[in-house]
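Below is one structure; the comments refer to it alone.
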Amino acid sequence: MAIKLIANYSKRLGLPGYSSHQFSVSVETELMATDDLEAESERLYHLLQSNVDQQILETGFVPPSTYGMDESGAPTGGQSENRSDSGPNNITRWPNGTAWKCSDKQRDLVLKIVAENQ
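Residues in the sequence shown are numbered from 1 upward in steps of one, following UniProt numbering.
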């Protein structure tokens with residue numbers, strides 16, 4: 001009877017500007033005997049780890065620290081007094097068409113924190 005061995009390895013790295021990227025890989029194999037289990041687990045772990053480490057070196061797009069801000073340092077999309085009523089799913093819609101994908105309360109907290117740290 002075969003034994004199914006499933007191995008997963010994942011890594012997430014923090015990037016500048018509160019950004020991050022992640023890469024994960026999984027593999028599934030069958031073993032014919034349990035005496036191979038420990039050695040095969042170790043082999044798969046090291047194989048997956050080295051492949052994830054190699055692939056995650058390519059960061060792709062990393063937003064600058066001012067990403068999403070206008071020239072004054074305020075979040076783009078207008079100020080809270082310019083917003084229209086919340087649309088479906090409680091997503092705040094701005095007059096220029098951009099949207100906050102959070103509740104009004106979450107948006108207000110983010111804007112408060114930004115204002116306090118300017």
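We treat Cβ as the ideally placed atom computed from N, Cα and C, and that holds for glycine.
Just so you know, these numbers come straight off a predicted model, no measurement behind them.
Exercise. Glu30 and Ala7 look like a contact to me (Cβ under 8 Å); what is the Cβ gap, rounded to whole Å?
Worked result: If you number the sequence shown from 1, residue 30 lands on position 30. If you number the sequence shown from 1, residue 7 lands on position 7. Not a contact, Cβ separation roughly 12 Å.
Exercise. Are the Cβ atoms of Tyr67 and Gly17 separated by less than 8 Å?
Worked result: Within the sequence shown, the letter at position 67 stands for residue 67. Within the sequence shown, the letter at position 17 stands for residue 17. At a Cβ-Cβ threshold of 8 Å, Tyr67 and Gly17 count as neighbours.
Exercise. Around the C-beta of Leu48, are 16 or more other C-beta atoms found within 10 angstroms, so that it is buried, or is it exposed?
Worked result: Mapped onto the sequence shown, residue 48 falls at position 48. It counts as buried.
Exercise. Taking just the CA atoms, how far does Gln54 sit from His21?
Worked result: Counting from 1 along the sequence shown, the entry for residue 21 is found at position 21. Counting from 1 along the sequence shown, the entry for residue 54 is found at position 54. Taking C-alpha positions only, His21 is separated from Gln54 by approximately 14 Å.
Exercise. Just how far apart, CA to CA, sit Arg12 and Thr34?
Worked result: Taking the sequence shown and counting its residues from 1, the one referred to as residue 12 is at position 12. Taking the sequence shown and counting its residues from 1, the one referred to as residue 34 is at position 34. C-alpha of Arg12 to C-alpha of Thr34: approximately 32 Å in a straight line.
Exercise. So, helix, strand or coil for Gln118, using DSSP?
Worked result: Against the sequence shown, residue 118 aligns to sequence position 118. Looking at Gln118 - three-state DSSP - the assignment turns out to be coil, as it is neither helix nor strand.
Problem set entry | Between the CA atoms of Leu57 and Lys4 - distance to the nearest angstrom | Position 4 of the sequence shown, counted from the start, is the residue given in the question as residue 4. Position 57 of the sequence shown, counted from the start, is the residue given in the question as residue 57. About 31 Å.
For this session: Quick one: using the 10 Å Cβ neighbour count with 16 as the cut-off for buried, is Tyr9 buried or exposed?
Result: Taking the sequence shown and counting its residues from 1, the one referred to as residue 9 is at position 9. Burial call: buried.
Problem set entry | Closest residue to Phe23 among Ala115, Asp104, Gly60 (Cα-Cα distance) | The residue given as residue 23 occupies position 23 in the sequence shown. When each option's Cα is compared against that of Phe23, the closest is Gly60.
Problem set entry | Assigned secondary structure, Ala39 (DSSP; H/G/I helix, E/B strand, else coil) | Here residue 39 refers to the residue found at position 39 when the sequence shown is read from its first residue. It is helical.
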